[in-house]
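**Student:** A single structure is presented below for examination.
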Amino acid sequence: MIPSVPGSSVHSSSSPNAANYGSAEFNTISIAKITAIRKVLELGYNVLFSDVDIAWNKNPVPFLPTDVDLVIQSNSGSNLFEIGSEANTGFYFLKSNSRSTTLLNETLHRTRGGPGLDDQIHFGNVLREWRVSGKAMFIMEGQTAPWVYNNDRPFTFRVLHPYRFQTGQVAQALFGKQVESPYDGKEQDIILVHANYMIGHTSKVNFFKSHGLWNVNHRPKRAKKHPARLDSTRL
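Structure follows, in structure tokens:
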């Protein structure tokens, strides 16, 4: 049986502020997801995490490289991911092993010492410091991982292609014709679109709707009409 995350660590809230980047509610929920993911990793399962403000155009699983510990979306708009670039914890695949668990443990430790920040900032700081120190290794797109990694090897990661796995910043630029796509622009090249860089639930929903990415039907179900019954007292 998979254990549940204690409610005290999640602080579930229906407040509209929970969808607002930088709010206390947003930060609390974002950190709680790290706790939940760590629990699943400890059970021996790999994790594919996706925020709820992401529209999947295709099943992303076949497009994820799995020869590294972490595959994550990037906010940099480039697949080069130079040191200082920001990883996006809204969508990533993480393998179950001691390196991944250590990464999340260190991230959670920093959240206790740095309140008021979301999970992405702490996660990114740890990943960057590991990379600078040699504890983590970035594998570029097209490069083959140089060995089969065991527990004594560095933590390895790749970033997803910014056009196929779009952040809100890339999506708004492409849909707004501010930049040209690196492919032929066909919709099938896009695996998913993440509506980050947009504040609030309404702005995210409106963005999805305006670009044909919203498939939720909120129309209330109509009550079933029952056939008229004969009143025998009136026959």
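In terms of the numbering used here, the sequence shown is residues 172 to 406.
C-beta: ideal position from N, C-alpha, C; glycine also.
Computed from a predicted model, the values in this text were never measured in an experiment.
(1) Report back the beta-carbon spacing between Asn367 and Thr327 to the nearest angstrom; my notes put them in contact at under 8 Å.
(2) Less than 7 Å between the beta carbons of Gly261 and His372, yes or no?
(3) From Ile225 to Trp385, what distance separates their C-alpha atoms?
(4) Spatial neighbours of Ser245 within its chain, please: C-beta separation below 8 Å, excluding the five flanking residues on both sides.
(5) Indicate the three-state DSSP secondary structure (helix, strand or coil) for His182 in the structure shown.
(6) Thinking C-alpha only, which one of Val387, Tyr216, Phe336 and Val223 is nearest Asp240?
(7) Pick out the complete alpha helix (DSSP H) segments inside the region 257-342, 4 residues or longer, and give them in chain order.
(8) Beta carbon of Phe234: closer than 6 Å to some heavy atom of the ligand ATP?
(9) Drop a sphere of 10 angstroms on the beta-carbon of Pro233, count the other beta-carbons inside from all chains shown, and report buried for 16 or more, exposed for fewer.
(10) Just verifying my parser: in three-state terms, what is the DSSP assignment at Lys357?
(11) Please report how far the alpha carbon of Ile205 lies from the alpha carbon of Leu345, in whole angstroms.
(12) Over the uninterrupted beta strand (DSSP E) stretch that includes Ser249, give me the two end residues.
(13) Quick one: measure Cβ to Cβ for Leu275 and Arg209, integer angstroms, because I've assumed they're closer than 8 Å.
(14) Just to confirm, are Lys229 and Ile362 a CB contact at a threshold of 7 Å?
(15) Beta carbon of Thr278, beta carbon of Phe294: below 7 Å?
(16) Rounded to the nearest angstrom, how far is the Cβ of Ala307 from that of Pro325, given a contact under 8 Å?
(17) Around the Cβ of Met311, are there at least 16 other Cβ atoms within 10 angstroms (buried) or fewer (exposed)?
(18) So for Ile208, helix, strand or coil by DSSP?
**Tutor:** With the given structure in hand:
(1) Not confirmed; about 25 Å, so no contact.
(2) Cβ distance not < 7 Å, so Gly261 and His372 don't count as in contact.
(3) If you take the alpha carbons of Ile225 and Trp385, they lie about 10 Å apart.
(4) Cβ neighbours of Ser245 within its own chain (closer than 8 Å, five residues either side excluded): Phe252, Ser256, Glu257, Ala258, Asn259, Val330, Leu331, Pro333 and Thr338.
(5) The predicted model places His182 with a pLDDT of 49, which falls under 50 and marks its position as unreliable; any figure quoted below should be read in that light. In this structure, His182 counts as coil in the three-state DSSP scheme.
(6) It is Tyr216.
(7) Correct list: 269-284 and 290-304.
(8) As for the ligand ATP, it is missing from this structure, which has no ligand bound.
(9) Exposed: under 16 other Cβ atoms inside 10 Å.
(10) The predicted model places Lys357 with a pLDDT of 49, which falls under 50 and marks its position as unreliable, so this point remains unresolved.
(11) Rounded to the nearest whole angstrom, the CA to CA distance from Ile205 to Leu345 is 31 Å.
(12) No beta strand (DSSP E) contains Ser249, which DSSP labels as neither H nor E.
(13) Rounded, the Cβ-Cβ distance is 4 Å, consistent with contact.
(14) Yes.
(15) Yes, the Cβ-Cβ distance between Thr278 and Phe294 is below 7 Å.
(16) A Cβ-Cβ distance of about 6 Å is found for the pair Ala307 and Pro325, placing them in contact under the 8 Å criterion.
(17) It counts as exposed.
(18) In the structure shown, Ile208 sits in a helix (DSSP, three-state: H, G or I).
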